[in-house]
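Quick note on the numbering used here: the sequence shown kicks off at 298 and runs consecutively.
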Amino acid sequence: MTKIKEEIEKIHRDIHKIILTTDIKNKYRLIPYIARWAAELKYKEEYKDLLDSERVNIAIHDVLTGKVTIEDIKKLPPLKERKKLSIIQTTETTSSSSEEGKKAAQKKKKDKK
């Protein structure tokens, strides 16, 4: 079992206890921050293949246990900007890999001659 799957299993077992025993007075004000952190996890390589519900549970756990702070989440770029950055990064990766493929094909042609 991978490290991420083990982490998800542990969080799934403990999430209700964490929610009920946390000493935060107004948990409901954390909902937008938890949602934003869950959205940010989607862009992290190790979490991108998880179900949304699994990412939300991880986000709840991270916020309530202090693994990530509200201040850290506030510093994140807005989702619209984050999506643009993701598209740009994907495009750069795709274009660089296609350029490498073209160069390799050209080299093969030269080698055949």
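A virtual CB, placed ideally from N, CA and C, is assigned to each residue, including glycine.
How big is the Cα-Cα spacing for residue i and residue j?
{"i": "residue 330", "j": "residue 342", "result": "20 Å"}
{"i": "residue 368", "j": "residue 376", "result": "16 Å"}
{"i": "residue 378", "j": "residue 356", "result": "20 Å"}
{"i": "residue 312", "j": "residue 364", "result": "14 Å"}
Using beta-carbon positions only, say whether residue i and residue j come within less than 8 Å of one another.
{"i": "residue 315", "j": "residue 362", "result": "yes"}
{"i": "residue 412", "j": "residue 352", "result": "No statement about residue 412 is possible, as the shown extent of the chain runs from 298 to 410 and does not include it."}
{"i": "residue 334", "j": "residue 370", "result": "yes"}
Can you tell which of the options has the C-alpha that lies nearest to the C-alpha of residue i?
{"i": "residue 319", "options": "307, 358, 379, 340", "result": "358"}
{"i": "residue 336", "options": "321, 354, 324, 322", "result": "354"}
{"i": "residue 303", "options": "379, 347, 372, 328", "result": "347"}
{"i": "residue 301", "options": "321, 360, 345", "result": "345"}
{"i": "residue 321", "options": "332, 310, 305, 360", "result": "360"}
{"i": "residue 306", "options": "323, 350, 373, 324", "result": "350"}
Minimum length 4: unbroken alpha helix (DSSP H) runs contained in the segment 299-331: 300-318
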